[in-house]
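Read the structure below first, then the notes.
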Amino acid sequence: MAFHRITFNVNGELEQADVPSNMTLLKMLRENLALTGTKNGCAEGECGACTVLMNGEPVNSCLVLAVECDGAEIVTVEGLAHDERLDAVQQTIIDAGGVQCGFCTPGILISARALLDRNPQPSEEDIRIALVGNLCRCTGYVRIIQGVQEAARI
Amino acid sequence: MSIDAHPGLPEFDYIKPTTLKEASDFLIAHAGEARPLMGGTDIFVRMRSGGWNDKYLVDVKCLEGMNDISYDPHKGLSIGAAVNMNRVIASREVQDNYALLLQAASSVASYQLRTRATIVGNICNASPAGDTIGACILLGGVLHVHGNGGIRQEPIKTFFKGPGETLLRTGDIVTSIHFPVPEEGARGVYIKLGRNKASDLSIVGVTVFGYPDVNVPSGYRIRLALASVAPLPLVVDQVEAILTETSIDEDRLMLAAEAAMHACTPIDDVRASARYRKVMTRNLSFNALKVVWKDLKKL
Amino acid sequence: MVMEETNTKVPSPIGENKIRLDAREKVTGAALFADDIQFGSGLLHARVKRSPHPHARIISIDTSKAKALPGVKAVVTGEDYPGYIGLYLLDRHIFCRDKVRYVGDPVAGVAAKSEQIAEKALQLIEVEYEVLEPVLDPEAGVSPEAPLLHPNLEEYEVANFIFPEPGTNISNHFKIRKGDVESVWDECEALVERKYHIPHIQHVPIEPHVAIAKVDETGEVTLWGSSQSPFAQRNLIAKCLGISQSDMRVIAPYVGGGFGSKAGVSMEALAVVIASQVKGRPVKLLLTREEEFYTAFVRQGLVAYFKMGCDADGRLLAMENKFFWDAGAYTEYGVNITRASGYSSSGPYEVPNVKTDSYCVYTNHPVGGPMRGFGMPEMHAGLEQCIDELARDIDMDPVEFRRINCLKTGSVLVTGSKMHPIGLTQCLEKAADAIGWGSKAPPSAPNKKRGKGIALMWKAPAMPPNAGSSAWVELAEDGTLTVGVGGQDIGQGAFTVAAQMAAAALGVPYEWVRIATPVDTLYSPYEWQTVASRLTWSMGNAVVNAAKDARRQILDLVAEAWEEDPQNLDIVNGIVVSYKSEREMPLKDIAIYGLPKPDDQGWLGGPVRGRGNFMPSYITGLDPETGQGERAVVHYTTGAQAVELEVDLDTGRVEILRGVSAFDVGRAINPELVEAQMEGGFVQGMSSALFESMQLKDGVMQNPSFVDYRIATSTDVPLDLENIIVEVPQDDGPWGARGVGEHSMVPTIPAIANAIYDAVGIRMEGPPFTAEKIYLAMLDAGIVK
Ligand code: FES
Ligand code: FES
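Those sequence lines, one after another, are chains G, R and X.
The opening position of the first sequence corresponds to residue 20 in my numbering, with each subsequent residue numbered one higher.
The opening position of the second sequence corresponds to residue 104 in my numbering, with each subsequent residue numbered one higher.
The opening position of the third sequence corresponds to residue -11 in my numbering, with each subsequent residue numbered one higher.
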């Protein structure tokens, strides 16, 4: 199986890697780069725990090949905070009580960040729809939705 | 999904040709063991479950024209095969002129999945549940296919041979999908019934598209397509006939909806029973027809 | 939220909404889950060969080709591991030896340099089976004609409160014989007799099961896993392998959702056994989502028969219940769920005559584990619908009917003991009030029907009588506090609550407290398991005791140094104060180095470490023939839920518009976290009511992925969820607290079912109340055409 040399940007840092064809972006992040904030919940695009930003748009990193990321810009949950300062939505989800086990949280934050970037004033319905691909088994979503609403307010 | 689904993807080689010809040639040279790769939303799932085990995935996403989306008020809309659904949904032209397509695309899975999923991919999977297929058929969509013998056009209406089967041949690469300018005053709706409110596959999907037509007795031409209730995406021609023959009222719409129910041939599966699908085809067809008809009347 | 007035004053930060300790690391991606731990390139990957048959005899296993595959480091079968494992009934081997009993039963395991090689090796393992007739229904399973799944049941080691019936498929039969039901049926004004079928569902934590095991040359085992039960795993795996518990170390970082699925031992033992063949190398076993669906614990199915009657005044006179639990191939927890549902089989009502037979039945289905509610959601699903029906049969308002019959302080329970102080009536009234019981709003559209429903619940922690907790607290140089616990934060906020309790009991600010994580059986204090909603109460007591112990050490020391009476000393905000001399001293000046003696000749004290434990001492057994006894459980948490919903007449789809939860939690240590449990539980309950079932056909799950096993998403939940905290203190709970983690999904199914009935007048045999089921039921009833 062929390996490919790729260059890409993760959370603002330029990275180079030699990846086999069948390596997913999720696996590369978790295993090669030890960016384990991005989670594997199903490996088939259904749970959203693996959601990252690829060129500014959220993708299920379990369904993207690492080799497809050549030249791409990737942002993971580890890249949301800057200089120890949490991103607004990280803080509002904490304050709203939208974190329980925390396994869905990274993917939810990425989806929420992407939503707020493309639509700074989302309606409740917009938020629900933007998060429909992020399953959470603990919280019942209510506090997560409220957290995103709050992030849009500030 | 079997119990033996792999934790990761099986081995394959990723090929990234630079021209359509190169891609076609490679696919032909490796017939049976190579597959064009678009968004991957379906391929990777099937490879992981062991259903597909191609040796090569040929990434055609970045080939010329694949990422263009353009609209011409005379010629219509052209969407490159690699344009993802979110881009289609965000496109001003689509919003203004092809609301039905937008609505159908928006009902597919989740936002992050739609960053990778494409309309052309949805069509090429030829799943009877494909959410955008009904809209593409009723809007008169035509695929542009780069194949062995050059470029050819395939109307979507006649594109499907069976579940998962299309007219595509080895070496074929769909490069774009084209839609004519919709008829003046056209209206459409896609009503999808899933188990959850959103993001699910459809148990029944009903697409209705219509426009005023002075040449028919009813004054309207209204067509209807169904998803998930037949082996193939199904256009129910009787609906169009019933709704052109004579003036439309709710009884007439119900007659058409019942025709849709009788035309469909659903099966029992994990998502729903055939019995439920049948009655839902009637109820949702009626609702969808009513929405479009009321919209048309408002003109 | 409404807080019940209580008179007792509580110290800060008890009752305060402190932000979870783990929130920041969880939003930054820093929180470490088991699969996140980096083991470097020495890590081996394990995969497991599993049975494709629900029931078969293993004729032969040929692993030679797999062993010969380059990159394969170990291939393991059951041959070398004859030991039995199990929590209450030791009925399974780690790898199957003679028979397979469900689809997914592990037959062989492989460790290899990569997952892909391990996968290839699996394909090279040849297993020959003789397919046997399966048992696929628990009722059929008890019949004498049914194939026997465990012919040597009588040889299995079993806990003394579990009663298997050798020669049958019954792994436990629990009985209640209270009063005489037969004699009162004739006196009943109304009688309801119903059968319900509750399907198997799964916990679906978003983090799949994962375990990494390493076995040293000396035989010492280290297991990293996503675990609710590190100590139980230490004990059970060590016992099965015949090694010392001290040689078995379990390290349990954050758990990405448990709900019971990660309690006890499931796949962890597989990783340990495989790793024992490749000494010194860590071996990781990570379940795919599909494997998770096929092979992780399930909430077992239930076929339940209820018969109940009341007099003309609405007083419940008798109940007769029969439960057939579809426990699956083995019964890690099923036997005790059977027991718990038996001793709770009256529901939260005082009923003079009760007869219950609760059977745990072996079937060739996936293994039943504990799931949030431990049998109570399944049991209440039917019971609380029957209560509604009885009320309607005698033309009484269902809320009034419940008010008359529900448990009050001092009520005689189904097991004969007396109810402790309880706020169930308040929960009922507040929930009814909040949902606007008795008033009916018009539906939002002409094709919709609106309805309201209510249900009550009770649940006790189901556990052995002597399940214990322990804790330690240790002061650092700067006076801050580290608390050691063996309980796990699985999202419910146990660490935060433990920190609040330690802070309050010792007298330091909450911000000074941290929890020693990850839980590590080598260093953490013992905890039975993180199950049964018992941590706030049991581990909480241990933490309080440990903090008090440290406090006593500090105050004794200071008293001696200052030559004062410790009675006059206190610790406030991290400062030792004397109410007599008005002297003050910060903890940091005392914590590690002690204090000089009053005469300055030498030193007093030393590093402060408080320790505490807790184990209930008052639990007695129940008579095996009658189920009667003094005190079968530590306590009951009770509550109510009410919903308002709409049914779409075009599709049958249910939309939940509003939900109210009211639970008597004794004392809310952190009200926000209590509310979060109520909400999360409500939605999980709602999800099980509307969407979830494992579709088992001939023993094979038909929907083993998120594509077809649907759970509630962000678009399905009502934002209008009201949470009501009622506080009638528990006598032996820390500041009166008792647990609420599971309870919030117990009454949801029947509350929804009762609301559906209110809306459209139909009842179904069991959940999920899918659009399809409701529509077709309406169609059959002529409600729609
Ligand atoms: S792991 Fe990618 S969507 Fe679940
Ligand atoms: S917080 Fe546990 S899955 Fe969302």
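Heads up, the beta-carbon is just placed ideally off N, CA and C, and yes, glycines get one too.
If you're wondering where the values come from, they're calculated on a predicted model, not measured in any experiment.
Element boundaries [alpha helix (DSSP H), containing residue i]
{"i": "C227(R)", "result": "222 to 227"}
{"i": "R540(X)", "result": "528 to 550"}
{"i": "Y282(X)", "result": "277 to 283"}
{"i": "K761(X)", "result": "759 to 768"}
{"i": "Y214(R)", "result": "214 to 217"}
{"i": "V151(G)", "result": "Where V151(G) is concerned, there is no enclosing alpha helix (DSSP H), given that its DSSP letter is neither H nor E."}
Cβ-based neighbour list, residue i, same chain, cut-off 7 Å, excluding 5 preceding and 5 following
{"i": "K576(X)", "result": "E465, D466, G467"}
{"i": "E(-7)(X)", "result": "For E(-7)(X), the pLDDT reaches just 45, beneath the cut-off of 50, and the residue's location in the model is therefore unreliable, leaving the point undetermined."}
{"i": "A360(R)", "result": "R385, S388, F389, L392"}
Beta-carbon gap between residue i and residue j smaller than 9 Å
{"i": "S732(X)", "j": "Q683(X)", "result": "no"}
{"i": "K774(X)", "j": "G330(X)", "result": "In this structure chain X extends from -11 to 773, so residue 774(X) is not present and cannot be described."}
{"i": "G640(X)", "j": "A759(X)", "result": "yes"}
{"i": "E680(X)", "j": "Q373(X)", "result": "no"}
{"i": "I382(X)", "j": "A535(X)", "result": "no"}
{"i": "V560(X)", "j": "E552(X)", "result": "no"}
{"i": "I325(X)", "j": "A450(X)", "result": "yes"}
{"i": "M364(R)", "j": "V382(R)", "result": "yes"}
{"i": "P139(G)", "j": "A115(G)", "result": "no"}
{"i": "F219(X)", "j": "G474(X)", "result": "yes"}
{"i": "V331(R)", "j": "P176(R)", "result": "Reading off the sequence, residue 331(R) comes out as Ser, not Val. Not closer than 9 Å, so no."}
{"i": "L271(R)", "j": "V245(R)", "result": "no"}
{"i": "L105(G)", "j": "R12(X)", "result": "yes"}
{"i": "A226(X)", "j": "G213(X)", "result": "no"}
{"i": "F147(R)", "j": "C81(G)", "result": "yes"}
{"i": "V339(X)", "j": "T524(X)", "result": "no"}
{"i": "P113(R)", "j": "M150(R)", "result": "yes"}
Spatially closest choice to residue i from the options, by CA coordinates
{"i": "K250(X)", "options": "V260(X), R327(X), V266(X), M359(X)", "result": "M359(X)"}
{"i": "G98(G)", "options": "N41(G), T55(G), C61(G), C81(G)", "result": "T55(G)"}
{"i": "A579(X)", "options": "K585(X), E570(X), R597(X)", "result": "R597(X)"}
{"i": "R848(X)", "options": "N711(X), K37(X), R599(X), V192(X)", "result": "In the structure as shown, chain X begins at -11 and stops at 773. Residue 848(X) is therefore absent and cannot be evaluated."}
{"i": "P39(G)", "options": "M73(G), T111(G), V86(G)", "result": "V86(G)"}
{"i": "N742(X)", "options": "A226(X), V642(X), P659(X)", "result": "V642(X)"}
{"i": "D611(X)", "options": "L20(X), A109(X), T283(X), F151(X)", "result": "F151(X)"}
{"i": "A853(X)", "options": "A369(X), R391(X), H368(X)", "result": "It is not possible to answer for residue 853(X), since the shown part of chain X is limited to -11 through 773."}
{"i": "Y117(R)", "options": "V311(R), V223(R), V163(R), P258(R)", "result": "V163(R)"}
{"i": "V(-2)(X)", "options": "E715(X), Y763(X), K761(X), P735(X)", "result": "E715(X)"}
Own chain partners of residue i with C-beta closer than 8 Å, once the 5 adjacent residues on each side are dropped
{"i": "G749(X)", "result": "A769, I771"}
{"i": "Q206(R)", "result": "A238, G291, V292, Y293"}
{"i": "V78(G)", "result": "L44, T70, V71, L72"}
{"i": "Y511(X)", "result": "G472, A504"}
{"i": "A747(X)", "result": "K437, R438, G439, L633, E634, V635"}
Extent of the continuous beta strand (DSSP E) run through residue i
{"i": "Q35(G)", "result": "32 to 39"}
{"i": "A492(X)", "result": "First-last for A492(X): 482 to 494, but that is the alpha helix (DSSP H), not the beta strand (DSSP E)."}
{"i": "T344(X)", "result": "341 to 350"}
{"i": "D314(X)", "result": "304 to 316"}
{"i": "R38(X)", "result": "32 to 38"}
Nonlocal neighbours in the same chain, by C-beta distance under 6 Å from residue i, ignoring five residues either side
{"i": "R222(X)", "result": "Q233, M236, V238, T509"}
{"i": "A149(G)", "result": "S130, L134"}
{"i": "D376(X)", "result": "P386, N742"}
{"i": "V532(X)", "result": "M489, A493, P722"}
{"i": "V(-10)(X)", "result": "For V(-10)(X), the predicted structure reports a pLDDT of 41, less than 50, and the residue's modelled location is therefore unreliable. A value from the coordinates is still provided. Closer than 6 Å at Cβ, skipping near neighbours: I712."}
{"i": "C120(G)", "result": "C157"}
Around ligand 1, Cβ to any heavy atom closer than 6 Å, ordered along the chain = N59(G), G60(G), C61(G), A62(G), G64(G), E65(G), C66(G), G67(G), A68(G), C69(G), N79(G), C81(G)
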